[in-house]
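**Q** Heads up: the sequence shown runs through residues 2 to 89, numbered per my numbering.
Where a beta carbon is used, it is the ideal one built from N, C-alpha and C, also for glycine.
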Amino acid sequence: VAVHVLVRRHEKISNIIKQFKLSCSKTQAQFATMQVRNARYSAFIEGFTSTTYAMVIVSDASIQPATTLINIEASRAHFESLIAQLKL
2 VAVHVLVRRH
12 EKISNIIKQF
22 KLSCSKTQAQ
32 FATMQVRNAR
42 YSAFIEGFTS
52 TTYAMVIVSD
62 ASIQPATTLI
72 NIEASRAHFE
82 SLIAQLKL
């Protein structure tokens, strides 16, 4: 049951993000990044590769947002190379 709930939650979040991106493109707005922070978590949506976005949720308030963004940036090139290998 718990796995089903997580899959459903993932699908719901994914659809919300896709609809937001679609709305941006309809208005010709360029969506690049979004950060949401409150007392319980920080959420980051970043352009990740040429074809994907990454969403990272951090619930540890001691982790600085810049640390999360640096880690996303550091992993970006690796994933781009994986995508390039798949195209071969």
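With a Cβ-Cβ cutoff of 9 Å, do Val37 and Ala44 count as a contact?
**A** Residue numbering aside, residue 37 sits at position 36 when the sequence shown is read from its first letter. Residue numbering aside, residue 44 sits at position 43 when the sequence shown is read from its first letter. Yes, Cβ-Cβ distance for Val37 and Ala44 is below 9 Å.
**Q** What did DSSP end up calling Arg38 once you bin it into helix, strand or coil?
**A** Taking the first residue of the sequence shown as position 1, residue 38 is located at position 37. Here Arg38 sits in strand by DSSP.
**Q** Is the beta carbon of Tyr42 sitting closer than 9 Å to the one on Ile18?
**A** Looking up residue 42 in the sequence shown gives position 41. Looking up residue 18 in the sequence shown gives position 17. The answer is no: Cβ separation not under 9 Å.
**Q** For Ile58, which of Ser76, Thr52, Asn39 and Ser51 has the nearest alpha-carbon?
**A** Within the sequence shown, the letter at position 57 stands for residue 58. Minimum Cα distance to Ile58 is reached at Asn39.
**Q** Would you call the CB atoms of Ile84 and Thr50 closer than 9 Å?
**A** Taking the first residue of the sequence shown as 1, we reach residue 84 at position 83. Taking the first residue of the sequence shown as 1, we reach residue 50 at position 49. Yes, they are a contact pair.
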